[in-house]
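Structure, as structure tokens:
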Amino acid sequence: MAIELKGLTKRSEDYSKWYNELVVKADLAEQADVRGCMVIKPYGYAIWEKMQRVLDDMFKETGVQNAYFPLLIPKSFLSREAEHVEGFAKECAVVTHYRLKTNETHDGVIVDPEAKLEEELIVRPTSETIIWNTYKNWIHSYRDLPVLCNQWCNVMRWEMRTRLFLRTSEFLWQEGHTAHATREEAEARAKQMLKVYADFAERYMAVPVVQGVKSETERFAGALDTYTIEAMMQDGKALQSGTSHFLGQNFGKAFDVQFTDKDGKLDYAWATSWGVSTRLMGALIMTHSDDNGLVLPPALAPIQVVIVPIYKGADQLEAINNKIQPLIDKFKAMGISVKYDNADNKRPGFKFADYELKGVPVRLVMGGRDLENNTVEVMRRDTLEKETVSFDGIETYVQNLLDEIQKNIFKKAKDFRDAHIYECDDYEEFKQKVKNGGFFLCHWDGTAETEAKIKADTQATIRCVPYMFEQTEGVDMVSGKPSKCRVLIARSY
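Below is the structure:
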């Protein structure tokens, strides 16, 4: 067993500790020397790059274009939309000075008190304000609409309790910001982007999600409606994995973004914003991985196939190399990412454990006997099953196997989630069961008071009003008041 795997906590013993250890041991990320921030290592960033590439294409297929807006936002901008600034005020990092100077002993630096900014600048927690201030210069007529922009960037939201990928002060994300001529267009765009996120999560991440709309209490600050995808982790907790917001005309009015409509009348632009972040990395890890390490869906794995030779002497290695090279070329031509690890500085057993830890979907092993018999050993990471098969046509076999692994890990995650969704109408029963995790479909009277009581009593929150379940009227399990629908309640990250 590889050194990296020694001491990896089992999920059943301490799920949180297992996650924290796995992120580090699998070379995905580590804590930075800056409090609350992380270093994303090359292997972790390679997964994020694949996510970016797919999502970017999906966005562009809907007409979205990429742009870039400033990192620093004047404090006065955040003051213009009251609900928005209130929602982010406690999380903002503030730049107050623009210069340092050498200290009196000339062995360090201090902030130059004479370099105080006339107006403080906020390190962006999100970019609605700076973008809508810019849109004012772009939008004058209905002919200028819609504006469909996205940016890939970092944001800063000051966090006291951090966890790699799931909650850090600085994180990477994309944020889309669109402007529209009508309410209907804007609402349709917000819902469309939620479906893009859900499609990405299920088709590429192999993570089943519940789509729905947030309660008023859980909405994004400044939104009229927030749409969400909620995923279930293996400990039964929910992870909000993407959100899309219908912002109405709030930001259009706050930044005076007006346009002349087709009838020659002035109106304010309608807005949406939507985003996913490196939190998706956490979802990927916690949904699929096991006590041996990562389990990555082939669609997002940096290395989809690793080939390890087992040989005695230089002549045998050369023979295996000659056998394997044409296969590598075939894989690359098929768009399959492959690594041939014939380095002699690590034993095969170490390599096996290391690639297993890193979640490489398929491992091929060729030894001297395989060379003689024209065979190769195949191991699939999702089930750890091994099989010796003919080398002839192995490229097609592996391509089909990758497709099968992608489907299998989605099915496994979906079966787990579906087995842990419960309808519940008794509050005492709910309070006991929610401790063990799961998604609970419960009637809710629609009041913030009931929502707050559930959170105070159980640490669970209303994740959304879900779309995927048939809704019927009933009675709220807490207040006994009439309810128009069931909501999804769970403990969450």
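Oh and the sequence shown: position 141 is 141 in our numbering, straight run, nothing missing.
Glycine included, every Cβ here is placed at the ideal spot set by N, Cα and C.
Check: Among 382, 38, 406, 371, which residue has its Cα nearest to the Cα of residue 388?; Outcome: 371
Check: Report the option in 77, 336, 436, 179 whose CA atom is closest to the CA atom of residue 269.; Outcome: 179
Check: Check for me: the beta strand (DSSP E) holding residue 375 runs from which residue to which?; Outcome: 375 to 380
Check: Hey, how far is the Cα of residue 151 from the Cα of residue 134?; Outcome: 14 Å
Check: In whole angstroms, what separates the C-alpha of residue 37 from that of residue 232?; Outcome: 25 Å
Check: I'd like to check one pair, residue 493 with residue 239: are the Cβ atoms closer than 7 Å?; Outcome: yes
Check: Are the region 303 to 310 and the region 331 to 346 in contact at 8 Å, needing three or more beta carbon pairs?; Outcome: yes
Check: Please name the residue, chosen from 282, 459, 481, that lies closest to residue 489 on a Cα-to-Cα basis.; Outcome: 459
Check: Would you say the region 117 to 131 touches the region 75 to 87, given that touching needs at least three Cβ pairs under 8 Å?; Outcome: yes
Check: Residues in the same chain with beta-carbon distance under 8 Å from residue 383, minus the five sequence neighbours each way, listed in chain order, please.; Outcome: 408
Check: Please report how far the alpha carbon of residue 500 lies from the alpha carbon of residue 222, in whole angstroms.; Outcome: Here the chain covers residues 1 to 493 and nothing more, so residue 500 does not appear.
Check: Per DSSP, what kind of secondary structure is residue 334 in: helix, strand or coil?; Outcome: coil
Check: What is the residue span of the alpha helix (DSSP H) that residue 254 lies within?; Outcome: 250 to 254
Check: Would residue 259 and residue 140 qualify as a contact pair, given that the criterion is a beta-carbon distance under 7 Å?; Outcome: yes
Check: Quick one: grab the DSSP three-state call for residue 296.; Outcome: coil
Check: From the DSSP output, in three-state form, read off residue 204 for me.; Outcome: coil
Check: Would you mind giving the Cβ-Cβ distance between residue 95 and residue 123, rounded to the nearest angstrom? I have them listed as a contact below 8 Å.; Outcome: 7 Å
Check: Report buried or exposed for residue 355, applying the criterion of at least 16 other Cβ atoms within 10 angstroms of its Cβ.; Outcome: buried
Check: Looking at the secondary structure, which residues open and close the alpha helix (DSSP H) in which residue 403 lies?; Outcome: 394 to 419
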